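Undergrad: Numbering (full-length UniProt numbering), first residue to last: 1 to 496. Beta carbons are placed, not taken as given, at the ideal position from N, Cα and C, and that holds for glycine. Quick caveat, the model's predicted, so the values are computed rather than measured.
(1) May I ask you to list the residues that DSSP assigns as paired with residue 115?
(2) Go through its chain and collect everything with a Cβ distance to residue 138's Cβ below 8 Å, but skip five positions before and after it.
(3) For residue 89, which residues from the same chain have a beta carbon less than 6 Å from its beta carbon, with the 5 sequence-adjacent residues on both sides left out?
(4) I think residue 84 touches residue 125, with their Cβ atoms under 8 Å apart; what is that distance to the nearest whole Å?
(5) Can you tell me whether residue 69 is helix, strand or coil according to DSSP?
(6) Can the beta-carbon of residue 177 be found less than 8 Å from the beta-carbon of residue 116?
(7) So what does DSSP say about residue 102, is it helix, strand or coil?
(8) Look up residue 398 in the DSSP assignment and give the residues it is bridged to.
(9) What residues are listed by DSSP as bridge partners for residue 32?
(10) Work out the CA separation of residue 354 and residue 5 for me, nearest whole Å.
(11) Flag residue 112 as yes when its Cβ comes closer than 7 Å to any non-hydrogen atom of the ligand FAD, and as no otherwise.
(12) Identify whether residue 418 lies in helix, strand or coil by the three-state DSSP scheme.
(13) Would you identify the three-state DSSP class for residue 90, choosing helix, strand or coil?
(14) How is the beta strand (DSSP E) around residue 50 delimited, first residue to last?
(15) Look at the alpha carbon of residue 199 and the alpha carbon of residue 362, and state the distance between them as a whole number of angstroms.
(16) Residues in its own chain within less than 8 Å of residue 426 by CB, not counting five upstream and five downstream?
(17) Which residues in the same chain as residue 123 place their Cβ atom closer than 8 Å to its Cβ, once the five residues preceding and following it in sequence are excluded?
(18) How would you call residue 324, buried or exposed, if buried means at least 16 neighbouring beta carbons within 10 angstroms?
(19) Note down the Cα distance separating residue 14 from residue 97, rounded to an integer number of angstroms.
(20) Using only the alpha-carbon positions, how far apart do residue 386 and residue 393 sit?
(21) Answer yes or no: do residue 148 and residue 8 have a C-beta to C-beta separation smaller than 8 Å?
(22) With a threshold of 16 other CB atoms inside 10 Å of the CB of residue 357, please say whether the residue is buried or exposed.
(23) Where does residue 145 fall in DSSP's three states?
(24) Terminal residues of the continuous alpha helix (DSSP H) containing residue 21?
(25) Taking the alpha-carbon positions, what's the residue 167 to residue 152 distance?
(26) I believe residue 164 touches residue 67 by the beta-carbon criterion, under 8 Å. Please report the beta-carbon distance rounded to the nearest angstrom.
(27) In angstroms with no decimal places, state the Cα-to-Cα distance between residue 488 and residue 399.
(28) What is the DSSP secondary structure of residue 300, reduced to helix, strand or coil?
(29) Given this structure, state the Cα-to-Cα distance separating residue 54 from residue 79, to the nearest angstrom.
(30) Compute the Euclidean distance between the alpha carbons of residue 62 and residue 208, then round it to the nearest angstrom.
(31) Taking just the CA atoms, how far does residue 348 sit from residue 516?
(32) So, are the CB atoms of residue 131 and residue 86 less than 8 Å apart?
(33) Rounded to a whole number of angstroms, what is the C-alpha to C-alpha distance between residue 446 and residue 390?
(34) How about residue 50 and residue 156: do their beta carbons lie closer than 8 Å?
(35) Assuming contact is defined by CB atoms lying nearer than 8 Å, are residue 193 and residue 136 in contact in what I supplied?
(36) With residue 454 as the anchor, note down where its alpha helix (DSSP H) starts and where it stops.
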């Protein structure tokens, strides 16, 4: 069988299926298998159905798959692989809450609370979104990543589906579903929403243990009507009391309904009326049971009295339930409004505090900006004042360099001249000795006498080493020098 939709290649491995057995408590009697080469979520082999790992990892689905889930999917004409994890989370959460409250919850109630719509990103699949003003479960993730690749198949048998009729599940994907035709908000819907909201309704509280415990509750022991009946329901109740068994069933449901409603936060008058209705319905049930046990018909007068009493109870019960539903809605709106007022007040206080901190930060920032501007101006002023000094320093350095060159040249000249005079004197001395005009001893004595005179003359004419400190230069303070060498100077000045 060929597929009419596009599907990603499955990434599920045998270890993933083994993890469902070990980590998620799936019974070994449930047959899980990897999809075949040409198998897709739409074209599953005969005798099997498809599912996704995310249904168990993040949606709380269990084996055997609860019958109410399969029942709603069958009524919609959808395959299990056609729904998004978002769809399954809402459905499981509603069923768990309804189970705990003892409510009968089916497709009509489900579509009263959410819209079922086609997924535009993955053709052929369906998701849900809460209807405006009918939010019951909070923080349910809307989208999941790469959940379609985690595809596997399971065998259709009692281990995986319980007593559900497998033939009711569609073999091919539905392209559309019937419109819901939902009416406007009614007392019945308000009552249903109020009841479902009574307990913790955040998705994070729906763990696997809670879900298993809810679906493990026996069927039929705690089933009650959704909300207090309307006038149509009252008329129907009056019509179906023709037989003893129907009377008994109706009175049982009414008793449980009144007990459940009166146990909630109601006023004193509601409690007294509910108690009287309970007593009357209990008497009716005892009479019907006694008549059925003895297999004798009740007297006509007694039957008429029962009908009349039961009709009164049904009408009064309808009024009590209507008032109770209104009370629940009003109290819920009051709580929400009170919470919103407190939240708005806290938010307003926080905004005021942050505004004050922001203003203080702005003022400090303006002060810092003024300081920075003043320092910048001071730096400019010092830079302008130091420009002439910088020019003078450059000129003086050039003059000093010229003086140093001249001084070095002069020292070389004097040294050469001294060496020349010494050579000339030695030549003259040797000539005189050669001609016999001088003797060595006489000349040595004369030179020793001259040595002492020269030492005295050198000592009296000593001059210190040449230094720039002896020059008459402009005086520059240390602060000015630091500022000249600082960041205020241009780069070319600093390098000079």
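TA: This is what the structure gives:
(1) Residue numbering aside, residue 115 sits at position 115 when the chain shown is read from its first letter. Residue pairing by DSSP puts residue 115 in a beta bridge opposite 129.
(2) Working through the chain shown from its first residue, we reach residue 138 at position 138. Listed in chain order, the non-local C-beta contacts of residue 138 below 8 Å within the same chain comprise 201, 202 and 203, local neighbours out to five positions each way being set aside.
(3) The sequence position of residue 89 within the chain shown is 89, counting from 1. Hits under 6 Å: 59 and 140.
(4) By 1-based counting over the chain shown, the position of residue 84 is 84. By 1-based counting over the chain shown, the position of residue 125 is 125. Right, the Cβ-Cβ distance comes to about 6 Å (below 8 Å), so this counts as a contact.
(5) Taking the first residue of the chain shown as position 1, residue 69 is located at position 69. Helix, per DSSP.
(6) Translated into the one-based positions of the chain shown, residue 177 becomes position 177. Translated into the one-based positions of the chain shown, residue 116 becomes position 116. In contact: residue 177 and residue 116 (Cβ atoms closer than 8 Å).
(7) Counted from its first residue, the chain shown places residue 102 at position 102. Three-state result, residue 102: coil.
(8) Taking the first residue of the chain shown as position 1, residue 398 is located at position 398. Per DSSP, none; premise fails for residue 398.
(9) For this step, residue 32 is matched to residue 32 along the chain shown. DSSP, once it has assigned bridges, lists 154 as partnering residue 32.
(10) Reading the chain shown from its first residue, position 5 is the one you call residue 5. Reading the chain shown from its first residue, position 354 is the one you call residue 354. Taking the CA atoms as reference points, residue 5 sits about 54 Å from residue 354.
(11) What this structure holds is no ligand at all, so the ligand FAD is not there to describe.
(12) Taking the first residue of the chain shown as 1, we reach residue 418 at position 418. DSSP places residue 418 in helix when its eight states are reduced to three.
(13) By one-based count along the chain shown, residue 90 stands at place 90. Judged by DSSP in its simplified three-state form, residue 90 adopts helix.
(14) Position 50 of the chain shown, counted from the start, is the residue given in the question as residue 50. For residue 50, the enclosing beta strand (DSSP E) starts and ends at 48-52.
(15) Taking the chain shown and counting its residues from 1, the one referred to as residue 199 is at position 199. Taking the chain shown and counting its residues from 1, the one referred to as residue 362 is at position 362. When rounded, the distance between both Cα atoms is 48 Å.
(16) Position 426 of the chain shown, counted from the start, is the residue given in the question as residue 426. Excluding residues within five positions, none has a Cβ falling inside 8 Å.
(17) Here residue 123 refers to the residue found at position 123 of the chain shown. Taken in chain order, the residues that qualify are 5 and 6.
(18) Here residue 324 corresponds to residue number 324 of the chain shown, with the count starting at 1. Counting Cβ neighbours within 10 Å, residue 324 comes out buried, since at least 16 surround it.
(19) By 1-based counting over the chain shown, the position of residue 14 is 14. By 1-based counting over the chain shown, the position of residue 97 is 97. Rounded to the nearest angstrom, the two C-alpha atoms are 34 Å apart.
(20) Position 386 of the chain shown, counted from the start, is the residue given in the question as residue 386. Position 393 of the chain shown, counted from the start, is the residue given in the question as residue 393. Linking residue 386 to residue 393 through their CA atoms gives a straight-line distance of about 10 Å.
(21) Along the chain shown, read from residue 1 onward, the residue named residue 148 stands at position 148. Along the chain shown, read from residue 1 onward, the residue named residue 8 stands at position 8. Inclusion of residue 148 and residue 8 in the CB contact set at 8 Å is warranted, their separation being smaller than that value.
(22) If you number the chain shown from 1, residue 357 lands on position 357. The residue is exposed, with fewer than 16 neighbouring Cβ atoms inside 10 Å.
(23) Residue mapping note: residue 145 aligns to position 145 of the chain shown, counting from 1. Here residue 145 sits in coil by DSSP.
(24) Start at 1 with the first residue of the chain shown, and residue 21 comes out as number 21. Residue 21 -> alpha helix (DSSP H) spans 14-23.
(25) Here residue 167 corresponds to residue number 167 of the chain shown, with the count starting at 1. Here residue 152 corresponds to residue number 152 of the chain shown, with the count starting at 1. Residue 167 and residue 152 have their alpha carbons spaced roughly 20 Å apart.
(26) Counting from 1 along the chain shown, the entry for residue 164 is found at position 164. Counting from 1 along the chain shown, the entry for residue 67 is found at position 67. About 5 Å; that satisfies the 8 Å criterion.
(27) On the chain shown, position 488 is the one that residue 488 refers to. On the chain shown, position 399 is the one that residue 399 refers to. Only weak support exists for where residue 488 lies, its pLDDT of 45 falling under 50; the coordinates are left without a value.
(28) As a working note, residue 300 is residue 300 in the chain shown. The pLDDT assigned to residue 300 is 46, lower than 50, so where the model puts this residue is not dependable; a value taken from the coordinates is nonetheless given after this. Looking at residue 300 - three-state DSSP - the assignment turns out to be helix.
(29) One-based indexing of the chain shown puts residue 54 at position 54. One-based indexing of the chain shown puts residue 79 at position 79. Taking the straight line from one Cα to the other gives about 16 Å.
(30) Mapped onto the chain shown, residue 62 falls at position 62. Mapped onto the chain shown, residue 208 falls at position 208. Their Cα atoms are separated by approximately 8 Å.
(31) This structure cannot settle anything about residue 516, because the visible part of the chain is limited to 1 through 496.
(32) What you label residue 131 is simply residue 131 of the chain shown in a count that begins at 1. What you label residue 86 is simply residue 86 of the chain shown in a count that begins at 1. Cβ distance not < 8 Å, so residue 131 and residue 86 don't count as in contact.
(33) The sequence position of residue 446 within the chain shown is 446, counting from 1. The sequence position of residue 390 within the chain shown is 390, counting from 1. Looking at the two C-alpha atoms, the distance is approximately 59 Å.
(34) Position 50 of the chain shown holds residue 50. Position 156 of the chain shown holds residue 156. No, these two residues do not count as a Cβ contact at 8 Å.
(35) Mapped onto the chain shown, residue 193 falls at position 193. Mapped onto the chain shown, residue 136 falls at position 136. Here residue 193 is near residue 136, since their CB atoms are less than 8 Å apart.
(36) For the purposes of this step, residue 454 is taken as residue 454 along the chain shown, with counting starting at 1. Counting along the chain, the alpha helix (DSSP H) containing residue 454 begins and ends at 440-460.
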